[in-house]
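Here is the structure we will look at.
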Amino acid sequence: MNTVLREAGGSATNGWLSGIATVLFMTIFVGYALWLWSKRSKDYVDEASQIPFETQE
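Read left to right, the sequence shown gives residues 162 to 218 (our numbering).
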């Protein structure tokens, strides 16, 4: 059997793992984005937005 086909077949069996990882990371990203836009995180976002303007002495 061709080694390229053997490797492709081996990686295709683990495709479900890539799908689960993609869904997991997308869920985390969307959850974080929603949290940042919520009113509960307003103080955190306002404070973080001023970090570039702070002077270091």
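Where is the CB? At the ideal position from N, CA and C, for every residue including glycine.
- Here V206 is near L197, since their CB atoms are less than 8 Å apart.
- It is roughly 58 Å from the alpha-carbon of K200 to the alpha-carbon of N163.
- G192 and R167 have their C-alpha atoms spaced approximately 39 Å apart.
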